[in-house]
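Student: Before I ask anything, let me first share the structure, which is written out below as structure tokens.
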């Protein structure tokens with residue numbers, strides 16, 4: 016009646032042992048480390064010698080290094096040495112990303128089992144929190160701009176005449192000379208662009224007003240949001256932040272958390288930048304001074320200015336856009352020693368660049384830097400709105416000396432820092448639409464450590480008080496509950512580590528709540544055993560009845576709490592999700608420890624004895 020089969024004891028023992036192994040890395044913690052990403056065709060041995068030379072010259076000691084996943088990783092004793100090494104290596108290794116990292120400090124055999132400590136959230140490690148709002152209207156406007164360009168090309172290819180074709184906010188406006196021209200154009204547009212609808216009135220015989228349908232607008236906004244999230248993740252990775260959080264919040268917002276980052280200004284500049292490049296041929300047929308005086312560029316050209324405020328006429332047709340860039344690294348040119356960005360294009364971009372430059376050797380080609388910035392405006396009533404301003408400037412306009420292909424370099428940059436930041440932005444890709452930082456918080460590392468200390472102190476005090484009460488009130492059974500409680504914490508930490516969940520301060524609160532709930536289940540069982548003893552049942556029968564009859568009550572209480580936790584996870588934001596995760600996992604482990612493990616221990620103590628007296 017109070018004995019488990021041997022396989023049940025072995026199963027419980029195996030689960031507890033596995034939990035102990037995967038919880039163990041959290042005792043060792045993590046070491047400050049640096050990751051140096053190797054570029055393609057770079058020899059790890061040569062790079063390792065170069066890195067070691069820099070560290071030796073600065074008398075910086077490492078705790079070890081390893082080569083994995085296309086990067087070199089160096090471990091340090093403290094964060095100060097780590098940051099100093101990062102600054103030195105970033106200056107010495109132009110073109111390589113040097114990323115701050117946290118490496119597991121446990122022994123090698125734990126790492127071979129993929130046993131790693133939990134991630135620590137922003138409130139425990141310190142860092143920067145941004146809440147960004149994506150400009151959805153700008154995404155729709157950009158889509159209409161593409162439709163204007165595509166429709167102009169389509170009508171030209173099909174030899175369909177029109178008077179004007181322009182963009183009006185979120186619409187495309189067309190004017191024709193005759194009703195027949197309008198009808199022919201509409202048939203062609205409807206066939207090639209089914210997402211466009213005509214909003215013009217039936218009596219309009221020569222005008223057409225086109226707009227995306229509701230489904231296409233919704234899809235445009237969702238794609239813009241998803242592309243922005245993807246780009247922000249790439250930029251965060253390029254910044255070299257360990258364990259970042261980039262996730263969607265609501266319909267048009269993105270949460271970015273950068274643990275360990277204290278340089279808020281650079282993080283804001285890199286994350287919010289909407290920079291991209293365009294390569295255009297310089298127009299040499301028209302007089303640029305005349306165009307500037309008139310304030311209007313000739314047909315087929317656009318008027319730009321260089322960084323020195325010198326006017327320049329460029330052709331409207333773009334040679335290659337920035338989205339064709341697949342890799343970009345900063346460095347120094349060998350001949351002049353100037354800062355430069357070394358570009359690699361994809362297949363299509365390489366073909367376009369090759370064709371254009373082959374046919375235009377001897378002409379100048381300009382590199383146009385484009386960036387959209389959002390500005391807040393407040394009207395007389397105190398209502399705020401945002402305006403997007405696009406900055407376009409020519410970085411450089413060299414003469415095409417020979418046919419270019421997949422690889423080339425951009426010069427004309429002011430500093431190595433600008434070259435490094437531009438290369439980072441081009442590697443990560445351009446944002447689909449501007450973002451605004453509407454909330455910003457910075458948590459210092461000392462405050463994060465203080466949160467950890469206070470959180471674990473509260474958990475330790477809570478556990479000590481609970482264990483003391485259980486020992487005094489339930490004696491031997493209280494000791495059993497205490498052992499089950501400790502195993503419950505081990506299993507919960509093991510699960511969080513295996514899932515690589517991020518532990519936050521609310522997560523610690525969830526663990527503390529789990530401690531109380533685990534003991535609550537044992538209290539129900541023990542009180543039921545006492546009740547059975549008072550009714551005159553034998554000790555062994557009372558133990559059996561206590562566990563069997565209390566199970567339904569415990570299950571009901573935990574299932575309702577689990578439902579509440581799942582709702583919190585589904586509808587909550589970051590900190591609430593952290594609380595919900597630890598609470599949900601804690602419910603599962605507490606059910607197992609309070610019922611299975613405590614029952615197994617009680618069975619071992621009392622199940623094999625004939626004459627017993629319960630110490631409860």
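Residue numbers (this note's numbering): 16 to 631. Just so it is clear, CB atoms sit at the ideal spot from N, CA and C, and this is done for glycine as well.
Mind checking if residue 204 is an interface residue toward chain B, Cβ cutoff 8 angstroms exclusive?
Tutor: Absent from the structure: chain B. Only one protein chain is present.
Student: Quick one: what does DSSP say residue 206 is sitting in, helix, strand or coil?
Tutor: What you label residue 206 is simply residue 191 of the chain shown in a count that begins at 1. In this structure, residue 206 counts as helix in the three-state DSSP scheme.
Student: I'd like to check one pair, residue 573 with residue 139: are the Cβ atoms closer than 8 angstroms?
Tutor: Indexing the chain shown from 1 puts residue 139 at position 124. Indexing the chain shown from 1 puts residue 573 at position 558. Not a contact, by the Cβ cut-off of 8 angstroms.
Student: Taking 8 angstroms as the limit between beta carbons, can you name the residues of its chain near residue 376, skipping five residues before and five after?
Tutor: On the chain shown, position 361 is the one that residue 376 refers to. 415, 416, 417 and 418, listed in sequence order.
Student: Taking just the CA atoms, how far does residue 514 sit from residue 616?
Tutor: Your numbering for residue 616 matches position 601 in the chain shown. Your numbering for residue 514 matches position 499 in the chain shown. Whole-angstrom Cα-Cα distance: 28 angstroms.
Student: Let me confirm a value: residue 332 is counted as buried when at least 16 other C-beta atoms fall within 10 Å, else exposed. Which label applies?
Tutor: As a first step, residue 332 must be located in the chain shown, where it is residue number 317. Under this definition residue 332 is an exposed residue.
Student: How far does the alpha helix (DSSP H) with residue 502 in it reach, from first residue to last?
Tutor: As a first step, residue 502 is located in the chain shown; it is residue number 487 there, counting from the start. Residue 502 -> alpha helix (DSSP H) spans 491-513.
Student: Using alpha carbons as the reference points, say which of 68, 61 and 326 lies closest to residue 299.
Tutor: If you number the chain shown from 1, residue 299 lands on position 284. Answer by Cα proximity: 326.
Student: With a 10 Å radius around its C-beta and 16 neighbouring C-beta atoms as the bar for buried, classify residue 189 as buried or exposed.
Tutor: Stepping through the chain shown from its first residue, residue 189 is reached at position 174. Buried, because 16 or more other Cβ atoms sit within 10 Å of the Cβ of residue 189.
Student: Which value, in whole angstroms, describes the spacing of the CA atoms of residue 156 and residue 503?
Tutor: Residue numbering aside, residue 156 sits at position 141 when the chain shown is read from its first letter. Residue numbering aside, residue 503 sits at position 488 when the chain shown is read from its first letter. Their Cα atoms are separated by approximately 55 angstroms.
Student: Which of helix, strand or coil does DSSP assign to residue 142?
Tutor: Your numbering for residue 142 matches position 127 in the chain shown. In this structure, residue 142 counts as strand in the three-state DSSP scheme.
Student: If you run the structure through DSSP and keep just helix, strand and coil, what is residue 147?
Tutor: Residue 147 sits at position 132 when you count from the first residue of the chain shown. Residue state, collapsed to three classes: strand.
Student: Look up residue 262 in the DSSP assignment and give the residues it is bridged to.
Tutor: Taking the first residue of the chain shown as 1, we reach residue 262 at position 247. Answer by DSSP bridge pairing, in chain order: 270.
Student: Alpha carbon to alpha carbon, how far is residue 71 from residue 364? Give it in angstroms, no decimals.
Tutor: Counting from one through the chain shown, the residue named residue 364 turns up at place 349. Counting from one through the chain shown, the residue named residue 71 turns up at place 56. For residue 364 and residue 71, the distance between alpha carbons rounds to 43 angstroms.
Student: Can you tell me whether residue 468 is helix, strand or coil according to DSSP?
Tutor: As a working mapping, residue 468 is identified with position 453 in the chain shown. DSSP places residue 468 in helix when its eight states are reduced to three.
Student: Assuming residue 50 is part of the beta strand (DSSP E), what are its boundary residues?
Tutor: On the chain shown, position 35 is the one that residue 50 refers to. 45-52 is the span of the beta strand (DSSP E), which, as asked, contains residue 50.
Student: I'd like to check one pair, residue 50 with residue 88: are the Cβ atoms closer than 8 angstroms?
Tutor: On the chain shown, position 73 is the one that residue 88 refers to. On the chain shown, position 35 is the one that residue 50 refers to. Contact: yes.
Student: Using a Cβ-Cβ cut-off of 7 angstroms (strictly less than) and excluding sequence neighbours within five positions of residue 167, which residues of its own chain qualify?
Tutor: Your numbering for residue 167 matches position 152 in the chain shown. Closer than 7 angstroms at Cβ, skipping near neighbours: 180.
Student: Between the C-alpha atoms of residue 554 and residue 570, what's the straight-line distance to the nearest angstrom?
Tutor: By one-based count along the chain shown, residue 554 stands at place 539. By one-based count along the chain shown, residue 570 stands at place 555. One C-alpha to the other measures close to 24 angstroms.
Student: Closest by CA to residue 222, which one among 199, 236, 241 and 233?
Tutor: Residue numbering aside, residue 222 sits at position 207 when the chain shown is read from its first letter. The candidate whose alpha carbon is nearest that of residue 222 is 199.
Student: Quick check on this structure: which residue in 68, 25 and 133 has the alpha carbon closest to the alpha carbon of residue 517?
Tutor: Numbered from 1 along the chain shown, position 502 holds the residue referred to as residue 517. It is 133.
Student: On a CA-only basis, which of 493, 548, 529 and 74 is nearest residue 613? Give me that one, please.
Tutor: Translated into positions along the chain shown, residue 613 becomes position 598. Closest option to residue 613, Cα to Cα, is 493.
Student: The beta strand (DSSP E) with residue 86 in it runs from where to where?
Tutor: Taking the chain shown and counting its residues from 1, one reaches residue 86 at position 71. 86-90 is the span of the beta strand (DSSP E), which, as asked, contains residue 86.
Student: Who are the Cβ neighbours of residue 631 in its own chain at under 8 angstroms, not counting the five residues just before and after it?
Tutor: In the chain shown, residue 631 corresponds to position 616, counting from 1. The answer, listed in chain order, is 489, 490, 491, 492, 541, 544, 545 and 548.
Student: Excluding the 5 residues preceding and the 5 following residue 557 in the sequence, name in chain order all residues of the same chain whose CB lies nearer than 6 angstroms to its CB.
Tutor: On the chain shown, position 542 is the one that residue 557 refers to. Cβ within range, chain order: 544, 547 and 548.
Student: How should residue 593 be labelled, buried or exposed, when 16 other C-beta atoms within 10 angstroms of its C-beta is the threshold for buried?
Tutor: Mapped onto the chain shown, residue 593 falls at position 578. With 16 or more Cβ atoms within 10 Å of its Cβ, residue 593 is classed as buried.
Student: Mind reading off the beta-carbon distance from residue 580 to residue 602? Whole number of angstroms is fine, and I expect it under 8 angstroms.
Tutor: On the chain shown, residue 580 is found 565 positions in, with the first residue counted as 1. On the chain shown, residue 602 is found 587 positions in, with the first residue counted as 1. Rounded, the Cβ-Cβ distance is 7 angstroms, consistent with contact.
Student: Contact defined as beta carbons within less than 8 angstroms: I believe residue 424 pairs with residue 471. What is the distance between those atoms, to the nearest angstrom?
Tutor: The count along the chain shown starts at 1 and reaches residue 424 at position 409. The count along the chain shown starts at 1 and reaches residue 471 at position 456. Incorrect: roughly 53 angstroms between the Cβ atoms, too far for contact.
Student: Kindly give me the distance between the Cβ atoms of residue 91 and residue 46, rounded to whole angstroms, as I take these residues to be in contact under 8 angstroms.
Tutor: Counted from its first residue, the chain shown places residue 91 at position 76. Counted from its first residue, the chain shown places residue 46 at position 31. Their Cβ separation, rounded to whole angstroms, is 7 angstroms, which keeps residue 91 and residue 46 in contact under 8 angstroms.
Student: So the alpha helix (DSSP H) residue 573 belongs to, where does it begin and stop?
Tutor: The residue given as residue 573 occupies position 558 in the chain shown. That run of the alpha helix (DSSP H) goes 554-586.
Student: Is residue 62 helix, strand or coil by DSSP?
Tutor: Along the chain shown, read from residue 1 onward, the residue named residue 62 stands at position 47. The answer is helix: DSSP assigns residue 62 an H, G or I state.
Student: Helix, strand or coil: how does DSSP classify residue 304 here?
Tutor: Sequence index remark: in the chain shown, residue 304 carries index 289 (1-based). In this structure, residue 304 counts as helix in the three-state DSSP scheme.
Student: Whose C-beta lies closer than 8 angstroms to the C-beta of residue 296 among residues of the same chain, with five residues either side of it excluded?
Tutor: Along the chain shown, one-based indexing puts residue 296 at 281. Closer than 8 angstroms at the Cβ level, and outside the excluded window around residue 296, lie 329, 330, 332, 334, 371, 375, 378, 379, 380 and 381.
Student: Expressed to the nearest angstrom, what Euclidean distance is found between the alpha-carbon atoms of residue 318 and residue 182?
Tutor: Locating residue 318 in the chain shown gives position 303, where the first residue counts as 1. Locating residue 182 in the chain shown gives position 167, where the first residue counts as 1. Near 20 angstroms, if we compare the C-alpha coordinates of residue 182 and residue 318.
Student: Exposed or buried, residue 191, counting other C-beta atoms within 10 Å across all chains shown (16 or more means buried)?
Tutor: Start at 1 with the first residue of the chain shown, and residue 191 comes out as number 176. Answer is buried; the Cβ neighbour count reaches 16.
Student: Could you tell me whether the Cβ atoms of residue 600 and residue 500 are closer together than 8 angstroms?
Tutor: The count along the chain shown starts at 1 and reaches residue 600 at position 585. The count along the chain shown starts at 1 and reaches residue 500 at position 485. No. Outside cutoff.
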